[in-house]
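S.K.: Under numbering that gives the first Met the number 0, think of the first position of the sequence shown as 0, with each following residue one higher. Where is the CB? At the ideal position from N, CA and C, for every residue including glycine. Since the model is a prediction, treat every value here as computed from it, not as a measurement.
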Amino acid sequence: MTPMSRRVMNLAHALTQAAARYPERDAIVWGEARWTWAALDARVSALAAGLSARGVRKGDRLLVHARNGNAILEIMYAAFRLGAVFVPTNHRLMPDDVVFLAAQSGATVMLCNADYAAHVAAVRAGAPAVGHVVAIGDGPAEGEPYEALVAEGMGRAVADAAVEHDDPCWFFYTSGTTGKPKAAVLTHGQMAFVITNHLCDLMPGTTAEGDASLVVAPLSHGAGVHAVAQVTRAVTSVLPAGDRFDAAEVWALVARHRITNLFTVPTILKMMVEHPAAGAHDHASLRHVIYAGAPMYREDQKRALRTLGRVIVQYFGLGEVTGNITVLPPALHEPEDGPGVRIGTCGFERTGMQVQIQDADGREVGPGETGEICVCGPAVFAGYWDNPKANADAFRDGWFRTGDLGYLDAQRFLFITGRASDMYISGGSNIYPREIEEKILTHPAVAETAVLGVPDPTWGEIGIAVCVPREGERLTEEDVLAFLFDKVARYKLPKRVILRESLPKSGYGKITKKMVREELEAAGLLGGRATDAP
């Protein structure tokens, strides 16, 4: 039987629906500026018309190097409407990094905040396929003014391009912690499932009448997917006025706009609940405070529950699966440890998705056995753009290999033990840093930690713990090691503790072992040292 083409809804049609049903309701609130659904839809069509007049066609890639604001959302939906591909970057990347993304994606247009002149210059020089630059806002970057482009197309209706299930709509770049970033190809059909799944599993009951969403993470990645789900339900998205995260501003906006949901990462959620403003503003409206991107340490989780109540939602999933692997809903977030509490789980399988734990040869292992977390289902991406080797490495017998290690219990709750790349072997024993990190964070004077495996001539590798003291607390290496002595097996004890004022974080607020290791190496703190037996 010849496969039939599968035409699907263009994602931009959700914006058309919202504008038709709620034309005068706010779509975006950013500081004191507001755009209704009708205005947003009109601006998206105007931008699409302007880009079309400059030769943008279905399948073309639009490189977007922009901070949070109305423009990044408008560009996203203009790309969808044209059948083009939205290619957002992390706006904190250096110019050479952006050149790589421009060239690797084959982008033909760059839309960029006008104060990133060095990035524009680098892309012009290093990615000649980028033939047109649009500058957002004021600044020295050369390019056509964004608002002039929108004004030119205002009043022109642009029909949504006809798309099929596997037509690309978004290149979701991985963080590149183990090499150059790779473009995970997200499609219109896949994203339609992801949106439905987010609304089903993460924010059930979300409506235009009853909800408002706050944007506290970059719209270029997970927060952007979250925003697409809000558009589908015509929910107002509120953006903080400032470029930098400000917990006091965040809590003021929660109270002012009666925010019901937000997407964040554990590091940002930790900063939010530890800030004095959390107790100074009404946050009773919150129903779904979603965190993802990394597991949340148990002590941080308990503090968030004490501060906010049972409103936090965890999901686990990579960009390649657009977050859709497991979910731990509010009702299963226990504020205290005790019998029957699944401490450390990231939840159960998302609707329509299947998880399998596999050994090194791709065989399924039993409950409680650790292996690689693999997944299949409609949320899995279409593959990496122009990277056949990465595709061959990422898939095995139809399963997407996450590179994360973990196990399923008898009720199919998933527990992550760490990244395969984070595990180290000391004296022949596999050691998973996360277990040790959880123990360290129960120390009342420790704010953050990362445990790394480093080479050792005797034992192959040994563990070192990098710790950040809480503000105003005194902490020593001896304090940490004495605290751990009766809490982890001797062979798992870190052999060194390094104290730092802070830990480096990615542009999305995650502590990454690669960045911690690089910072320590640059500071000369990973040199040789005599070690005791594990």
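What number of angstroms, rounded off, separates the C-alpha of L81 from the C-alpha of L14?
M.R.: One Cα belongs to L81, the other to L14, and the distance between them is close to 14 Å.
S.K.: Roughly how many whole angstroms lie between the Cα atoms of N69 and P377?
M.R.: 30 Å
S.K.: Quickly, what does DSSP pair N67 with across the bridge? List them, please.
M.R.: Answer is none; N67 lacks a bridge partner.
S.K.: Contact between the segment 397 to 409 and the segment 368 to 385 is defined here as three or more beta-carbon pairs at a separation below 8 Å; is this criterion met?
M.R.: yes
S.K.: How is Y541 classed by DSSP in three states: helix, strand or coil?
M.R.: The structure shown does not extend to residue 541, since the chain spans only 0 to 533, so no value can be given for it.
S.K.: Would DSSP call M109 helix, strand or coil?
M.R.: strand
S.K.: So G351 and V326 are supposed to be a Cβ contact under 8 Å. How far apart are they, rounded?
M.R.: Going by Cβ atoms, the distance from G351 to V326 rounds to 12 Å, so no, they are not a contact pair.
S.K.: Beta strand (DSSP E) containing H287: first to last residue?
M.R.: H287 to Y290
S.K.: Work out the CA separation of E73 and H274 for me, nearest whole Å.
M.R.: 32 Å
S.K.: Comparing alpha-carbon positions, which option in Q300, I311, F315 and G318 lies nearest V336?
M.R.: Sequence inspection shows Asp at residue 336; the Val mentioned does not correspond to that position. Looking at the Cα atoms, Q300 is the closest of the given residues.
S.K.: Hey, E248 and V7: beta-carbon distance below 8 Å or not?
M.R.: no
S.K.: Could one say the Cβ of L61 lies closer than 8 Å to chain B's Cβ atoms, at least one of them?
M.R.: Protein chains in the displayed structure number just one, and chain B is not present.
S.K.: I'd like the span of the alpha helix (DSSP H) that includes F99, first residue to last.
M.R.: It spans P94 to S104 - the alpha helix (DSSP H) in which F99 sits, taken as one unbroken run.
S.K.: Hey, G136 and A45: beta-carbon distance below 8 Å or not?
M.R.: Inclusion of G136 and A45 in the CB contact set at 8 Å is not warranted, their separation being larger than that value.
S.K.: Mind listing, in chain order, the continuous alpha helix (DSSP H) runs of no fewer than 4 residues lying wholly within the segment 211 to 236?
M.R.: 221 to 231
S.K.: How long is the line joining the alpha carbons of A444 and R20, rounded to whole angstroms?
M.R.: 52 Å
S.K.: H282 and A254 - do their beta-carbons sit closer together than 8 Å?
M.R.: Contact: yes.
S.K.: Does the Cβ of Q353 have 16 or more other Cβ atoms within 10 Å, making it buried, or fewer, making it exposed?
M.R.: exposed
S.K.: In its own chain, which residues sit with a C-beta less than 7 Å from the C-beta of A211, not counting the 5 before and 5 after it?
M.R.: V234, T235, V237, H256, R257, I258 and T259
S.K.: Do you know offhand how far D455's Cα is from I461's?
M.R.: D455 and I461 have their C-alpha atoms roughly 6 Å apart.
S.K.: Rounded to a whole number of angstroms, what is the C-alpha to C-alpha distance between T530 and T457?
M.R.: In this prediction, T530 has a pLDDT of 36, which is less than 50 and means its spatial position is unreliable; what the coordinates show is noted afterwards. One C-alpha to the other measures close to 8 Å.
S.K.: Which residue marks the beginning of the alpha helix (DSSP H) containing A116, and which one marks its end?
M.R.: A116 to G125
S.K.: On a CA-only basis, which of R362, A207 and P366 is nearest R395? Give me that one, please.
M.R.: Ranked by how close their Cα comes to the Cα of R395, the residues R362, A207 and P366 have R362 in first place.
S.K.: By the 10 Å Cβ neighbour count, where 16 or more other Cβ atoms means buried, how is K491 classified, buried or exposed?
M.R.: buried
S.K.: DSSP on H539, reduced to helix/strand/coil?
M.R.: Absent from the structure is residue 539, since the part of the chain shown begins at 0 and ends at 533.
S.K.: Suppose you measure from the CA of G397 to the CA of R433; what does that come to, to the nearest Å?
M.R.: CA-to-CA, the gap between G397 and R433 works out to about 29 Å.
S.K.: What residue from A38, V215, D25 and G308 has the CA that sits closest to R155's CA?
M.R.: A38
S.K.: With H, G and I counted as helix, E and B as strand and the rest as coil, what does DSSP make of T321?
M.R.: The three-state reading of DSSP puts T321 in coil, since its state is none of H, G, I, E or B.
S.K.: Can you tell me which of H118, V193, A128 and E31 puts its alpha carbon nearest to the alpha carbon of S104?
M.R.: A128
S.K.: Which residues share a DSSP beta bridge with A182?
M.R.: Y172
S.K.: Spell out the partners DSSP gives A255 in its beta bridges.
M.R.: Before going on, a small fix: residue 255 reads as Arg here, not Ala. For R255, which the question treats as bridged, DSSP gives no partner whatsoever.
S.K.: Under DSSP, the alpha helix (DSSP H) around N390 begins and ends at which residues?
M.R.: P387 to A393
S.K.: Over what stretch of residues does the beta strand (DSSP E) that includes V453 continue unbroken?
M.R.: V445 to D455
S.K.: Go ahead and label N323 buried or exposed: buried means 16 or more other beta carbons lie within 10 angstroms of its beta carbon, across all protein chains shown.
M.R.: With 16 or more Cβ atoms within 10 Å of its Cβ, N323 is classed as buried.
S.K.: Give the DSSP-derived three-state secondary structure of P265 in the structure shown.
M.R.: helix
S.K.: Between the alpha carbons of V84 and W384, how many angstroms are there, rounded?
M.R.: The straight-line gap from Cα to Cα measures roughly 12 Å.
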